[in-house]
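Some notes on the structure that comes next.
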């Protein structure tokens, strides 16, 4: 490793640029995945709406219409929760990739063994994952069908 201040400065500058580009790449990948999730949800929603319209049109009485409407609402809530869960998982994964780039890009790896740095990175990702799981559980409880007492 060089002790020339000029070379050290250039290497630090290159590392900053590389970290910035890796972060941009992680953001682009996350945006592409979000777009895929949205396109799939749009196609599924279109098919679901057509099937729902057909079921409503074919219902012959109040009981059938009420059952079809209840099914429509329940399925809609489930689809909404699934959609937002997928987007949240994508956001969590994107943030995890960005965090890993930042941790790896700090440039202190030669000062420590890979163990402590990898351990700190894993701990941080575990905290993010636990927060996400708590968020999903809360969403599920909000969108769960109401039970009668």
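In my numbering, the protein residues as written are 6 to 154.
Glycine residues also receive a C-beta, built at the ideal position from the N, C-alpha and C atoms.
This structure is a prediction, so every number in the text was calculated from the model and none was measured.
| Item | Value |
| --- | --- |
| Rounded separation between residue 135 and residue 94 - CA only | 12 Å |
| Beta-carbon gap between residue 147 and residue 24 smaller than 9 Å | no |
| Cα-Cα separation between residue 31 and residue 98, rounded to whole angstroms | 9 Å |
| Pair within 9 Å by beta-carbon distance, residue 53 and residue 74 | no |
| CB contact flag (residue 102, residue 47, <9 Å) | no |
| Boundaries (first-last residue) of the alpha helix (DSSP H) holding residue 35 | 10–63 |
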